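Peer 1:
Residue numbers (this note's numbering): 139 to 411.
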């Protein structure tokens, strides 16, 4: 919002003596409500954008332009991120044009596929270049992107179907349930209405499944305040909480972004404190 002199204001000025004594307070109240709505919408969009990066969702060039660049609100978020059009990383400048890592003008091809860049899409050298560029322009990212830690399975884990480093970890049930905001799912209630597993879909026919002890009591999640990870494995379906003996899937088959984000979830979940 700009005033008569073109200066940016954070709020409407207080009604003056010459202002309409009914209309001015009403408009100020309406503006306050609009600001609140915008903050809510912005928060929702941030979560969606981060989830889209993690899921490696893509858009056509036309969709990207209409949904992000031309949107009156979302474009403010879009210009604080690095995007990838096929193999070229770029940003949205303040004038809604595009620029590459060398700060040169970039023309988005009409047939390009666009997605939000994950550090693993860029590589260490390009992450450093983009980080320096954003620092020069004093661009603050809306969620961790360029500074996002990258994690990888050990060679032994990549060849296996279980994650032994997390087995035996005990976590508060509330922290576990918080993962439902990141696409994790609670298991179906079993005997006595207890959910014995937690899972996350990683791809078509591929789920990470965590067998829980004691399990989550439906309607009484505090009944068992701490949950221990008995077994952590990959399966084609989360429908059975009992680990299989003929594990057909391997962690090394997961793409690098999925693997990194999965490990990040589990490390954060099982971190002490």
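Where is the CB? At the ideal position from N, CA and C, for every residue including glycine. Just so you know, these numbers come straight off a predicted model, no measurement behind them.
(1) Can you tell me whether residue 334 is buried or exposed, with buried defined as 16 or more other CB within 10 angstroms of its CB?
(2) By the three-class DSSP mapping on this structure, what secondary structure does residue 208 have?
(3) Could you tell me whether the Cβ of residue 333 comes closer than 8 Å to any Cβ of chain D?
(4) Using a Cβ-Cβ cutoff of less than 6 Å, which residues in the same chain neighbour residue 259 once the five nearest sequence positions on both sides are dropped?
(5) Three or more C-beta pairs closer than 8 Å, one from the stretch 345-352 and one from the stretch 361-375: is that the case here?
(6) What are the boundary residues of the beta strand (DSSP E) that residue 398 is part of?
(7) Between residue 252 and residue 373, what straight-line distance do the alpha-carbon atoms span, to the nearest angstrom?
(8) Can you give me the Cβ contacts of residue 284 inside the same chain, cut-off strictly under 6 Å, excluding the 5 residues immediately before and after it?
(9) Which residues in the same chain as residue 254 place their Cβ atom closer than 7 Å to its Cβ, once the five residues preceding and following it in sequence are excluded?
(10) State yes or no: is the C-beta of residue 304 within less than 8 Å of the C-beta of residue 392?
(11) Is it the case that the Cβ atoms of residue 395 and residue 194 are separated by a distance below 8 Å?
(12) DSSP state of residue 249, grouped into three classes?
(13) What residues match up with residue 333 in a beta bridge as DSSP calls it?
(14) Looking at residue 297: is its Cβ nearer than 8 Å to the Cβ of residue 249?
(15) Taking the alpha carbon of residue 295 as the reference point, which residue from 196, 224, 388 and 347 has its own alpha carbon closest?
(16) Can the beta-carbon of residue 315 be found closer than 8 Å to that of residue 370?
(17) Would you mind working out which of 390, 312, 306 and 322 sits nearest residue 299, comparing C-alpha positions?
(18) Is residue 222 helix, strand or coil by DSSP?
(19) Put residue 203 into one of helix, strand or coil per three-state DSSP.
(20) How about residue 474 and residue 332: are their beta carbons less than 8 Å apart?
Peer 2: Let me spell this out:
(1) buried
(2) coil
(3) Chain labels in this structure do not include chain D; a single protein chain is all it has.
(4) 222
(5) yes
(6) From DSSP, residue 398 is part of no beta strand (DSSP E) but of the alpha helix (DSSP H) over 394-408.
(7) 31 Å
(8) 265, 268 and 269
(9) 187, 190, 191, 219 and 221
(10) no
(11) yes
(12) coil
(13) 327 and 354
(14) no
(15) 388
(16) no
(17) 390
(18) strand
(19) helix
(20) The chain is shown from 139 up to 411; residue 474 falls before or after that span and cannot be answered.
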